[in-house]
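The numbering of the sequence shown is my numbering, which starts it at -3 and goes up by one.
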Amino acid sequence: MKLHENRELFADAVTITAQQMNLPEIYVEKDYWVTLALQRIFTSPLAEYTVLIGCFGQFDITR
């Protein structure tokens, strides 16, 4: 199932997950799209040429 193809179900899932995890809905939705993008990248022919390098803590988003 591709949850995002059903807008109403997707919105409900994001809302419920955000409430359960005590997170803003936008974070839950962002994580869904990032996970989907990564899944598509690493199941594509480009996977063997793809390297992701972490940058945790490299950006100050409070400014």
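Idealized CB from N, CA, C, for every residue including glycine.
Source: prediction; values computed, not measured.
Apart from the 5 residues on each side of it in sequence, Leu5 sits with its Cβ closer than 7 Å to the Cβ of Leu(-1) in its chain, given in chain order. In this structure, DSSP gives Lys26 a helical state, which the three-state scheme calls helix.
In this structure, Ala14 sits near Val24, with a CB-CB distance shorter than 8 Å.
Counting C-beta atoms within 10 angstroms of its own C-beta, Val30 has fewer than 16 neighbours from the protein chains shown and is therefore classed as exposed.
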